[in-house]
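Novice:
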Amino acid sequence: MLSTDCKTYREKPNNPAIDHWLNLVFCDPGFQAILLHRISHQLYKKGLPVIPRLISQLNRFLTGIEIHPGAKIGQGVFIAHGMGIVIGETACVGDYTVIREGVTLGGTSSTTGKRHPTLGEYVTVEAGAKILGNIHIGDHVCVGAGAVVLQDVPSNSTVIGIPGRVIERKDLSEENLASDYHRDLPAEVIKTLFERVKALEEQVEHLQLETNLPDHYFLLTHQAKAQNNKVIEEFLDGSGI
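In this note's numbering, the protein residues as written are 58 to 298.
#1: When the Cα atoms are used, what is the spatial distance from Asn269 to Glu258?
#2: Please classify Arg117: does DSSP put it in a helix, a strand, or coil?
#3: Apart from the five residues on each side of it in sequence, which residues of its chain come closer than 6 angstroms, Cβ to Cβ, to Ile188?
#4: To the nearest angstrom, report how far apart Cys199 and Arg172 are at their CA atoms.
#5: Ordered along the chain, which non-local residues of its own chain (more than five positions away) have a Cβ less than 8 angstroms from that of Tyr101?
#6: Do Tyr179 and His193 have their C-beta atoms within less than 8 angstroms of each other?
#7: Would Ile188 count as contacting chain B if we go by Cβ distances under 8 angstroms?
#8: If I follow the unbroken beta strand (DSSP E) through Gly157, where does it start and stop?
#9: Quick check on the DSSP output: the beta strand (DSSP E) that includes Leu162 runs from which residue to which?
#10: Report yes if the CB atom of Asp152 is closer than 8 angstroms to the CB atom of Gly133, and no otherwise.
#11: Judging by CA-CA distance, which residue of Glu158, Ser212, Ser166 and Asn213 is the nearest neighbour of Ala202?
#12: Following a CB-centred definition, is Ile192 positioned closer than 7 angstroms to any heavy atom of the ligand MG?
#13: Cβ of Ile122 within 8 angstroms of Cβ of Ile96?
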């Protein structure tokens, strides 16, 4: 596994700064973090107390990368830059995954069981992304920078946003298109509320006509409502995002 790690770091196209094995061992924090974790993880599996956590602490001090000794890291995993990365105890990272700075693979509960995410193979997690909870990220998934992922993600997908949603998938079918992954749920909620408010306003206008009350009894004039509706519709169409 270590030989695969070395090969990955030396041949990775986005790691051109490594031109000598000494640079790899002494000057690449990502490789150092993986190497130290391999040691701490083996000791952790043997049930050795304290020492694995001490190695993890040393790892964090030297590289700025925090990996719990219990985390399972596959072969060929590439950590780019790495500062601020946190990988929890029950997290599983698949082979040849790329993880960039500021990424968190964290838990959402205090239970002692599986509470951290599982990443498939050839996953790319861009800077600042947060993947939280006991969820599964499929193979060949790209998680965009700053995304917050809280639910399972199918393979061959691109995920962005808060909360994360799939914006691209290479194996689309009608069933997949109908999936919740492809819906912009916050925008749908806002649009639904907007339509309900418009319906209520129409009912109020009917009451106004029936009772012949003057405009000053109502919060908005027809002109003000038209202007507000225009702003909201522009936002829903994307100009406000």
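Yeah, the Cβ is synthetic: ideal placement off N, Cα and C, and Gly gets one too.
Specialist: Quick look at the numbers:
#1: 16 angstroms
#2: helix
#3: Closer than 6 angstroms at the Cβ level, and outside the excluded window around Ile188, lie Leu162, Pro174 and Val206.
#4: 22 angstroms
#5: Pro109, Pro126 and Gly127
#6: No, these two residues do not count as a Cβ contact at 8 angstroms.
#7: The chain inventory of the structure shown lacks chain B, comprising one protein chain alone.
#8: In the sequence under discussion, the amino acid at residue 157 is Arg, which differs from the Gly named in the question. DSSP places Arg157 inside the beta strand (DSSP E), whose first and last residues are Val155 to Arg157.
#9: Thr161 to Gly163
#10: yes
#11: Residue Glu158 is the option with its Cα nearest to Ala202.
#12: Among the components of this structure there are no ligands whatsoever, and the ligand MG is therefore not found.
#13: no
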